[in-house]
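**Student:**
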Ligand code: SF4
Ligand code: SF4
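Numbering (the working numbering), first residue to last: 165 to 473.
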């Protein structure tokens with residue numbers, strides 16, 4: 165999965181433009197890569213979720229794609245969907261990465277993390293003949309990573325897997341790592357995470373280190389403004405049916421309580437986004453997504469802890 169430095173530099177220039185970096189950023193990124201001995205290693209783990217975040221990223225075709233970034237342009241060491249290795253060989257690549265790049269690699273976790281019965285409801289492989297749960301893997305790998313990214317709402321805030329009755333007691337990434345990884349967990353919510361937000365965050369990490377975060381752990385530059393504030397229908401009359409052109413507040417639009425860059429970034433290669441395609445925002449990037457008090461479904465007591473509660 166490795167590529168040459170020349171190829172990586174070429175990609176850096178292209179992707180830097182795609183994610184809106186200026187010339188100085190591009191020069192800095194290229195210098196950083198020139199000075200580095202290897203491309204940045206990434207371990208991507210998957211937990212309770214639908215793999216939608218991976219699929220969303222791989223479906224992006226027009227701008228620089230995250231799978232291109234993670235599979236070809238940086239050194240993707242482990243991703244159970246994308247790698248060809250399996251079994252012991254796959255798991256050994258995690259061990260090798262930790263050993264060879266201690267404190268230098270990026271850990272990405274997609275999906276929530278079951279904790280009931282010592283996490284046995286999500287096993288990613290075997291270690292010493294025993295099931296290796298995602299919970300144990302995150303606790304072992306997280307503290308050794310340089311940065312830890314929660315990709316998507318499930319990993320960031322619980323999302324659907326942590327919704328009531330939450331039989332496997334799914335927890336968030338930051339809750340699992342609470343106290344173990346000071347100041348290096350970044351939440352990138354969205355159901356799924358937007359490929360731009362992930363790409364931009366990784367490039368920013370490479371260039372500048374940890375970004376400024378909101379109170380609930382999201383990069384401020386990407387998520388720091390309410391959708392409502394940037395919605396093109398803020399001045400429109402409220403409408404009472406989906407499909408009509410206007411404001412959907414009467415229909416329970418979550419734009420006034422959801423911070424995200426959807427109005428400017430849009431989806432499907434910038435073709436459109438929820439509200440402009442005539443549907444209210446359901447708040448999929450919000451930390452309360454699918455919580456009982458708002459959605460009528462609800463999280464159980466299994467969702468607790470962490471700074472975002
Ligand atoms: S549609 Fe939603 S986000 Fe847009 S103005 Fe109305 S309430 Fe705000
Ligand atoms: S507009 Fe709302 S529901 Fe649509 S993707 Fe953005 S946060 Fe999610």
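Quick reminder that beta carbons are idealized off the backbone N, C-alpha and C, glycines included. Values in this document were obtained by computation on a predicted structure and should not be read as measured data.
#1: Measure the Cβ-Cβ separation of residue 332 and residue 322 and say whether it is below 7 Å.
#2: Whose C-beta lies closer than 6 Å to the C-beta of residue 382 among residues of the same chain, with five residues either side of it excluded?
#3: Taking a contact to mean a Cβ-Cβ separation below 7 Å, would you say residue 287 touches residue 209 in this structure?
#4: Could you give the residue range of the alpha helix (DSSP H) that holds residue 303?
#5: Mind reading off the beta-carbon distance from residue 295 to residue 305? Whole number of angstroms is fine, and I expect it under 8 Å.
#6: For ligand 1, I want to know if residue 417 counts as a neighbour, meaning its beta carbon is within less than 6 Å of at least one of the ligand's heavy atoms.
#7: Could you pull the start and end residues of the beta strand (DSSP E) that residue 443 belongs to?
#8: Less than 8 Å between the CB atoms is what I'm expecting for residue 206 and residue 269, so what's the real figure, rounded?
#9: Look up residue 264 in the DSSP assignment and give the residues it is bridged to.
#10: Could you tell me whether any non-hydrogen atom of ligand 2 is closer than 6 Å to the CB of residue 441?
#11: State yes or no: is the C-beta of residue 278 within less than 7 Å of the C-beta of residue 212?
#12: Would you report the Cα separation of residue 402 and residue 394, rounded to the nearest angstrom?
#13: Between the C-alpha atoms of residue 386 and residue 353, what's the straight-line distance to the nearest angstrom?
#14: In whole angstroms, give me the CA-to-CA distance for residue 327 and residue 339.
#15: If we call anything under 7 Å between Cβ atoms a contact, is residue 309 one with residue 217?
#16: Could you give the distance in angstroms between the alpha-carbon of residue 428 and the alpha-carbon of residue 329?
#17: For residue 440, tell me which candidate among 334, 412, 454 and 421 has the shortest Cα-Cα distance.
#18: For a test of your reading of the model: does the CB of residue 397 fall under 6 Å from any non-hydrogen atom of ligand 1? Yes or no.
#19: Rounded to the nearest angstrom, what separates residue 433 and residue 425 at their Cα positions?
#20: Are any of the Cβ atoms in chain D nearer than 7 Å to that of residue 253?
#21: Is the beta carbon of residue 267 closer than 7 Å to that of residue 318?
#22: Counting only runs that start and end within the segment 308-383, where is the alpha helix (DSSP H) found for 4 or more residues in a row?
#23: By DSSP, does residue 239 sit in helix, in strand, or in coil?
#24: Check the DSSP bridge columns for residue 289 and list the partner residues they point to.
#25: Going by beta carbon distance, what residues of the same chain come within less than 7 Å of residue 447, once the five residues before and after it are set aside?
#26: Beta-carbon within less than 6 Å of residue 400's beta-carbon, same chain only, minus the 5 sequence neighbours each way: which residues are those?
#27: Return the Cβ separation of residue 357 and residue 220 in integer angstroms, given the expectation that the two are a contact with Cβ distance under 8 Å.
#28: Are the CB atoms of residue 262 and residue 289 nearer to each other than 7 Å?
#29: Please classify residue 450: is it buried, with 16 or more other beta-carbons within 10 angstroms of its beta-carbon, or exposed?
#30: How about residue 408: is its Cβ closer than 6 Å to a heavy atom in ligand 1?
#31: Give every residue of the same chain whose Cβ lies closer than 6 Å to the Cβ of residue 360, excluding the five residues on either side of it in the sequence, and list them in chain order.
#32: With a 10 Å radius around its C-beta and 16 neighbouring C-beta atoms as the bar for buried, classify residue 143 as buried or exposed.
**Tutor:** Taking the structure as given:
#1: Mapped onto the chain shown, residue 332 falls at position 168. Mapped onto the chain shown, residue 322 falls at position 158. Between residue 332 and residue 322, the C-beta spacing is not below 7 Å.
#2: For the purposes of this step, residue 382 is identified with residue 218 of the chain shown, where counting begins at 1. Sequence-distant partners of residue 382 (beyond 5 residues in either direction) whose C-beta falls short of 6 Å from its own C-beta, in its chain, are 351.
#3: The residue given as residue 287 occupies position 123 in the chain shown. The residue given as residue 209 occupies position 45 in the chain shown. No.
#4: For the purposes of this step, residue 303 is identified with residue 139 of the chain shown, where counting begins at 1. Counted as a single uninterrupted DSSP element, the alpha helix (DSSP H) harbouring residue 303 occupies residues 298-305.
#5: In the chain shown, the residue the question calls residue 295 occupies position 131. In the chain shown, the residue the question calls residue 305 occupies position 141. About 16 Å; that fails the 8 Å criterion.
#6: The residue given as residue 417 occupies position 253 in the chain shown. Indeed, a heavy atom of ligand 1 lies less than 6 Å from the Cβ.
#7: Translated into positions along the chain shown, residue 443 becomes position 279. Taken as a continuous stretch (DSSP letters only), residue 443 belongs to no beta strand (DSSP E), as it is neither H nor E.
#8: In the chain shown, counting from the first residue as 1, residue 206 sits at position 42. In the chain shown, counting from the first residue as 1, residue 269 sits at position 105. Between the beta-carbon of residue 206 and that of residue 269 there is about 7 Å, and that keeps the pair under the 8 Å contact cut.
#9: As a position in the chain shown, residue 264 is number 100, starting the count at 1. For residue 264, which the question treats as bridged, DSSP gives no partner whatsoever.
#10: Position 277 of the chain shown, counted from the first residue, corresponds to residue 441. Using a cutoff of 6 Å, the CB of residue 441 does not count as near ligand 2, since none of the ligand's heavy atoms is closer than that.
#11: If you number the chain shown from 1, residue 278 lands on position 114. If you number the chain shown from 1, residue 212 lands on position 48. Result yes, Cβ atoms of residue 278 and residue 212 sit closer than 7 Å.
#12: For the purposes of this step, residue 402 is identified with residue 238 of the chain shown, where counting begins at 1. For the purposes of this step, residue 394 is identified with residue 230 of the chain shown, where counting begins at 1. Straight-line Cα distance between these residues: approximately 16 Å.
#13: Translated into positions along the chain shown, residue 386 becomes position 222. Translated into positions along the chain shown, residue 353 becomes position 189. Cα atoms of residue 386 and residue 353: separation of roughly 11 Å, rounded to the nearest angstrom.
#14: If you number the chain shown from 1, residue 327 lands on position 163. If you number the chain shown from 1, residue 339 lands on position 175. Rounded to the nearest angstrom, the two C-alpha atoms are 16 Å apart.
#15: Taking the chain shown and counting its residues from 1, one reaches residue 309 at position 145. Taking the chain shown and counting its residues from 1, one reaches residue 217 at position 53. Contact flag unset, no.
#16: Position 264 of the chain shown holds residue 428. Position 165 of the chain shown holds residue 329. About 35 Å.
#17: As a working note, residue 440 is residue 276 in the chain shown. The candidate whose alpha carbon is nearest that of residue 440 is 412.
#18: Position 233 of the chain shown holds residue 397. Checking every heavy atom of ligand 1 against the Cβ of residue 397, one is found closer than 6 Å.
#19: For the purposes of this step, residue 433 is taken as residue 269 along the chain shown, with counting starting at 1. For the purposes of this step, residue 425 is taken as residue 261 along the chain shown, with counting starting at 1. C-alpha separation (whole angstroms): 14 Å.
#20: Considering every chain present, this structure includes no chain D. It has just one protein chain.
#21: Here residue 318 refers to the residue found at position 154 of the chain shown. Here residue 267 refers to the residue found at position 103 of the chain shown. Contact check for residue 318 against residue 267 fails: the beta carbons are separated by 7 Å or more.
#22: The qualifying runs are 317-321, 337-340 and 359-372.
#23: Taking the chain shown and counting its residues from 1, the one referred to as residue 239 is at position 75. When DSSP states are grouped into helix, strand and coil, residue 239 belongs to the strand group.
#24: Position 125 of the chain shown, counted from the start, is the residue given in the question as residue 289. BP columns for residue 289 point to 296.
#25: The count along the chain shown starts at 1 and reaches residue 447 at position 283. 418, 421, 422 and 453.
#26: Counting from one through the chain shown, the residue named residue 400 turns up at place 236. Apart from the 5 residues on each side of it in sequence, residue 400 sits with its Cβ closer than 6 Å to the Cβ of 410 and 411 in its chain, given in chain order.
#27: Translated into the one-based positions of the chain shown, residue 357 becomes position 193. Translated into the one-based positions of the chain shown, residue 220 becomes position 56. Yes, residue 357 and residue 220 are in contact; Cβ-Cβ is about 7 Å, under 8 Å.
#28: The residue you call residue 262 lines up with position 98 of the chain shown. The residue you call residue 289 lines up with position 125 of the chain shown. No, Cβ-Cβ distance for residue 262 and residue 289 is not below 7 Å.
#29: Numbered from its first residue, the chain shown carries residue 450 at position 286. Classification for residue 450: buried.
#30: Numbered from its first residue, the chain shown carries residue 408 at position 244. No, the beta carbon of residue 408 sits no closer than 6 Å to any heavy atom of ligand 1.
#31: Walking along the chain shown from the start, residue 360 turns up at place 196. Within the same chain, residue 360 has close Cβ partners 429.
#32: One cannot answer for residue 143 here, as it falls past the ends of the chain, which runs 165 to 473.
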